[in-house]
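A.B. asks: Start counting the sequence shown at 17; every next residue gets the next number (this note's numbering).
Glycine included, each C-beta is placed from N, C-alpha and C at the ideal position.
These numbers come from a predicted model, not from an experiment.
Below: one structure in C-alpha cells.
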Amino acid sequence: MNKTGVKICGLQSVEVLKSMVNLPVDYIGFVFADSKRRIDGVQAGKLLRVLDEWTSGSRPRSVGVFVNPGDALLNDVMEKAPLDVIQLHGQESPQRCREIREHFGIQVFKAWSVDSQGQTERSADELDAYVGTIDALLLDTYDPLYGGGSGKTFAWDRIPAYQAWTHQYGIPLFVAGGLTADNAEKLVHEYHPHGLDVSSGVETNGVKDIAKITAFVERVKQA
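Laid out in C-alpha cells, this is it:
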C-alpha cells in the first residue's frame, strides 16, 4: 500500500459524507468560494461533525477552499466550522498567506495553476517568496473564471520541476485537476506526489457518487 494522501473536495451532503466513513480518506474539502459546490459556515459545521464518526484510520483533516478571501468571510467560517487547513486558490500574496496562517494557527495550502500547455498564471520564480508562509503546494489546472476546479488535467510533465522545489524546502506537493479513478494510478506511479485532490472526477451529474469515490480511493491507495 502506498502512502499517497487522498483529498475528496467539494462535499455538501451529510448523507454522502456518512457513506464515506469507512474509507481511508486523508482530507475532506469544503468550498467557500464561488462554485456550484459552495457551502456556508453553518453547513460546514454540520459536515465537520461527521468526521468524528470516521471508522477507517484517523479522522480526515478538514480543508476549506477559498479564493482571495476577506477577513470577514474567514472569521465567519472559522467561528462556525473550525477547519484544520485553509486552502487558497486566488492571487493571495506570501504576506497574506502568512497573516492567515498566523492568525488562525492552522496550516495553509496554496494552489498554483498550470494550464494544459504547462504555462502558469504566474512565474515559478514567485514560489520562493512563499517559503515559510505555506504548508503545502497544490498544482491545479488553470481556470480563467475560478482559478482552479475546472475538472481538466494540466501538463503533468511540469510536475517534476515543482517537485524539485517542494523537495528543496520540505513542502508537500498535492496534484489536482481532472483526476479520476482511471488516471490516478498512473499519476501516482509516475510522479509519487504527496497527495491527490479530486472533486468532479468522483461525481455523476454534478453530485458526489460514493461508488466513484470508493473506486478512486482504492486505486490511489493500492497504486
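1) When the Cα atoms are used, what is the spatial distance from D225 to V218?
2) Which same chain residues end up closer than 6 angstroms to V58 when comparing Cβ atoms and leaving out the 5 residues on each side of it in sequence?
3) Quick check on H105: buried or exposed, where buried means 16 or more other Cβ atoms within 10 Å of its Cβ?
4) Look up L153 in the DSSP assignment and say whether it is helix, strand or coil.
5) Kindly indicate the opening and closing residues of the alpha helix (DSSP H) around G26.
6) Which residues bound the alpha helix (DSSP H) around Q184?
7) Is it right to say A60 is buried, meaning 16 or more other beta carbons lie within 10 angstroms of its own, or is it exposed?
8) Per DSSP, which residues does D213 bridge with? Please list them.
9) When you compare only the Cα positions, how much space is there between L143 and I229?
10) Whose C-alpha, out of I116, P40, T196, is nearest the C-alpha of I150?
11) Which residues does DSSP pair with A127 in a beta bridge?
12) Only counting the same chain, and skipping five residues up and downstream in sequence, which positions put a Cβ closer than 8 angstroms to that of V214?
13) Apart from the five residues on each side of it in sequence, which residues of its chain come closer than 7 angstroms, Cβ to Cβ, to R54?
C.D. replies: Let's see:
1) The count along the sequence shown starts at 1 and reaches residue 225 at position 209. The count along the sequence shown starts at 1 and reaches residue 218 at position 202. The alpha-carbon atoms of D225 and V218 are separated by roughly 6 angstroms.
2) For this step, residue 58 is matched to residue 42 along the sequence shown. Hits under 6 angstroms: K96.
3) As a first step, residue 105 must be located in the sequence shown, where it is residue number 89. Its Cβ being crowded by 16 or more others within 10 Å, H105 is buried.
4) Here residue 153 corresponds to residue number 137 of the sequence shown, with the count starting at 1. Look at L153 here: in three-state DSSP terms it is strand.
5) One-based indexing of the sequence shown puts residue 26 at position 10. Under the DSSP assignment, G26 falls outside any alpha helix (DSSP H); it carries neither an H nor an E label.
6) Within the sequence shown, numbered from 1, the residue matching residue 184 stands at position 168. Counting along the chain, the alpha helix (DSSP H) containing Q184 begins and ends at 175 to 185.
7) Translated into positions along the sequence shown, residue 60 becomes position 44. With 16 or more other Cβ atoms inside 10 Å of its own Cβ, A60 counts as buried.
8) The sequence position of residue 213 within the sequence shown is 197, counting from 1. D213 pairs with K23, A192.
9) If you number the sequence shown from 1, residue 143 lands on position 127. If you number the sequence shown from 1, residue 229 lands on position 213. Between the alpha carbons of L143 and I229 lies a gap of roughly 32 angstroms.
10) Along the sequence shown, one-based indexing puts residue 150 at 134. Just measuring C-alpha positions, the residue of I116, P40, T196 sitting nearest I150 is I116.
11) To locate residue 127, count along the sequence shown from 1; it is residue 111. A127 pairs with L154.
12) Against the sequence shown, residue 214 aligns to sequence position 198. Excluding positions up to five away in sequence, the list reads V22, K23, I24, C25, A192, L195, T196, A200, F232.
13) Counted from its first residue, the sequence shown places residue 54 at position 38. Only V47, F48 meet the Cβ criterion.
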